[in-house]
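A.B. asks: If you read the sequence shown in this note's numbering, its first letter stands for residue 4, the second for the next number, and so on. Every residue, glycine too, gets a C-beta built ideally from N, C-alpha and C.
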Amino acid sequence: MIREIRLSDKEDVLRISSQIWEGDDYVINVFDRWVTSNTGIFAGYWDAGKLIGFGRMRFLTPTDIWLEALRKDPQTKIKGIGYKISKYYMDKLKGKEINSIRFSTYFDNTASITLNEKLGFIKILTLSMKEFEISSNQVKTIDNSIITDIDLSELDKYIKNSNYLFKTKGFISKGWIIRQYSKELINDYFTKNRYVVYKIHNEIKGAMLISDVEYQDIYWLSFIEAENKKIFNELIKYAENEAITNNFRSIQLLVPDIKKLKQYVDCYGFKSWEQNDDFLVYELPRTEINQITGRK
4 MIREIRLSDK EDVLRISSQI WEGDDYVINV FDRWVTSNTG IFAGYWDAGK LIGFGRMRFL
64 TPTDIWLEAL RKDPQTKIKG IGYKISKYYM DKLKGKEINS IRFSTYFDNT ASITLNEKLG
124 FIKILTLSMK EFEISSNQVK TIDNSIITDI DLSELDKYIK NSNYLFKTKG FISKGWIIRQ
184 YSKELINDYF TKNRYVVYKI HNEIKGAMLI SDVEYQDIYW LSFIEAENKK IFNELIKYAE
244 NEAITNNFRS IQLLVPDIKK LKQYVDCYGF KSWEQNDDFL VYELPRTEIN QITGRK
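1. Kindly say whether Ile145, judged by its beta-carbon, lies nearer than 9 Å to any beta-carbon of chain C.
2. Under the three-state reduction of DSSP, which class applies to Lys160: helix, strand or coil?
3. If I follow the unbroken beta strand (DSSP E) through Phe45, where does it start and stop?
4. Under a three-way DSSP split, which group does Val142 fall into?
5. Bridge partners for Arg182 per DSSP, in chain order?
6. Determine the burial state of Pro77: buried for a count of at least 16 other Cβ atoms within 10 Å of its Cβ, exposed for fewer.
7. Classify Gly52 as buried or exposed, calling it buried when 16 or more other Cβ atoms lie within 10 Å of its own Cβ.
8. By a C-beta neighbour count over all protein chains shown, 10 Å radius and 16 as the cutoff for buried, is Arg252 buried or exposed?
9. Drop a sphere of 10 angstroms on the beta-carbon of Trp69, count the other beta-carbons inside from all chains shown, and report buried for 16 or more, exposed for fewer.
10. Between Ser214 and the rest of its own chain, which residues show a CB-CB distance below 6 Å, the 5 nearest in sequence each way excluded?
11. Report the option in Ser148, Ser115, Asp154, Thr129 whose CA atom is closest to the CA atom of Ile175.
12. Just checking, does the region 72-88 make contact with the region 36-52 on the three C-beta pairs under 8 Å criterion?
13. I'd like to check one pair, Tyr29 with Gln219: are the Cβ atoms closer than 9 Å?
14. Give the DSSP bridge partners of Trp69, in chain order.
15. Would you identify the three-state DSSP class for Leu224, choosing helix, strand or coil?
16. Just tell me which of Ile295, Thr144, Val142, Val200 has its CA closest to the CA of Glu157.
17. Identify the residues that DSSP records as bridge partners of Met93: which are they?
18. What does DSSP give as the partner residues of Leu294 in its beta bridges?
19. What do you get for Pro65, buried or exposed, if any count of 16 or more other CB atoms within 10 angstroms of its CB means buried?
20. Given that a residue counts as buried once 16 or more other Cβ atoms are within 10 Å of its Cβ, and exposed if not, what is Leu54?
21. Would you mind working out which of Glu120, His204, Tyr241 sits nearest Val284, comparing C-alpha positions?
22. What's the C-alpha gap between Ser131 and Glu243?
23. Across which residues does DSSP place Ala114 in a beta bridge pair?
24. Terminal residues of the continuous beta strand (DSSP E) containing Val199?
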């Protein structure tokens, strides 16, 4: 049986979640919000009255879908749970106008990759997830060229013309959720003051976008561009200070295939969990979406 998850299912959901990512799964932080949210469908699969799997379909916009947190009880031997949950979601989209259906996954999540490729998803982007662990509480001196007072149009133009956005095919991340860059998106960062730039002689030479994410203790960089290594280091020092001040344990970001940026990231001390090119983004082709929705 598949149905939407209720508040009374919390204990069962957390029983499964506690066995994922070595007990560091983020679902515990978002369960209450997901159960009451009207921007997604949080559903579970029950067998003989026992919850053995769940996942969420999120509406990033009324027409853009993100699939996330597909989990299966590691103790169960029942197969096809993820497929059935995914089909449940797809059935909910019949008759709707949908522009995109996407998800991200870790490179070694072969079960999820195999499942979704069978459903018609194709890989559209490969990035490297990098993490810098905060090892000191010492706040660093910040270069005076780092500012947070510029025009929105200036920031938007810089990001649109950046090598980072070109190499990510126009996507930026909010945690493991990837969004298409848009005026609405950059306006959200701007109005919330979630950006910094490095400016010399009134010209932007580097910039960062910072996201609030659903993972405890993580300071997430959604975008970073720097003209040289010195500017990159100054931007990351700013991020370090913010992380220290707000008691985050690490800084994380996604790195596209930019040789210099990869070198800057590695030299500063960022590490992969296992390897480069470990973060994969999948998308359902237009023809498959049309078959699901019954629209063209």
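C.D. replies: On the basis of the supplied data:
1. Absent from the structure is chain C; it holds one protein chain and no more.
2. Residue numbering aside, residue 160 sits at position 157 when the sequence shown is read from its first letter. Reduced to three states, the DSSP call for Lys160 is helix.
3. Position 42 of the sequence shown, counted from the start, is the residue given in the question as residue 45. Here the beta strand (DSSP E) through Phe45 covers 43-50.
4. Reading the sequence shown from its first residue, position 139 is the one you call residue 142. DSSP places Val142 in coil when its eight states are reduced to three.
5. Within the sequence shown, numbered from 1, the residue matching residue 182 stands at position 179. Ile175.
6. Translated into the one-based positions of the sequence shown, residue 77 becomes position 74. So Pro77 ends up on the exposed side.
7. On the sequence shown, position 49 is the one that residue 52 refers to. Gly52 should be labelled exposed.
8. On the sequence shown, position 249 is the one that residue 252 refers to. Its Cβ having fewer than 16 others within 10 Å, Arg252 is exposed.
9. For the purposes of this step, residue 69 is taken as residue 66 along the sequence shown, with counting starting at 1. Looking at its Cβ environment, which holds 16 or more other Cβ atoms inside 10 Å, Trp69 is buried.
10. Your numbering for residue 214 matches position 211 in the sequence shown. The residues are Lys177, Trp223, Ser225.
11. Here residue 175 corresponds to residue number 172 of the sequence shown, with the count starting at 1. It is Thr129.
12. yes
13. The count along the sequence shown starts at 1 and reaches residue 219 at position 216. The count along the sequence shown starts at 1 and reaches residue 29 at position 26. Their beta carbons are under 9 Å apart, which means Gln219 touches Tyr29 by this criterion.
14. Start at 1 with the first residue of the sequence shown, and residue 69 comes out as number 66. Bridge partners of Trp69: Arg61, Arg105.
15. Position 221 of the sequence shown holds residue 224. It is a strand residue.
16. For this step, residue 157 is matched to residue 154 along the sequence shown. Minimum Cα distance to Glu157 is reached at Val200.
17. If you number the sequence shown from 1, residue 93 lands on position 90. DSSP, once it has assigned bridges, lists no residue as partnering Met93.
18. The count along the sequence shown starts at 1 and reaches residue 294 at position 291. It should be pointed out that residue 294 corresponds to Gln in this sequence rather than to Leu. DSSP output for Gln294 lists no bridge partner at all.
19. Residue mapping note: residue 65 aligns to position 62 of the sequence shown, counting from 1. Result: exposed.
20. In the sequence shown, residue 54 corresponds to position 51, counting from 1. Buried is the call here.
21. Residue numbering aside, residue 284 sits at position 281 when the sequence shown is read from its first letter. Of the listed residues, the one whose Cα sits closest to Val284 is Glu120.
22. Walking along the sequence shown from the start, residue 131 turns up at place 128. Walking along the sequence shown from the start, residue 243 turns up at place 240. If I take the Cα positions, the gap works out to 20 Å.
23. Start at 1 with the first residue of the sequence shown, and residue 114 comes out as number 111. Paired residues: none, contrary to the question.
24. One-based indexing of the sequence shown puts residue 199 at position 196. Where Val199 is concerned, the enclosing beta strand (DSSP E) stretches over 198-203.
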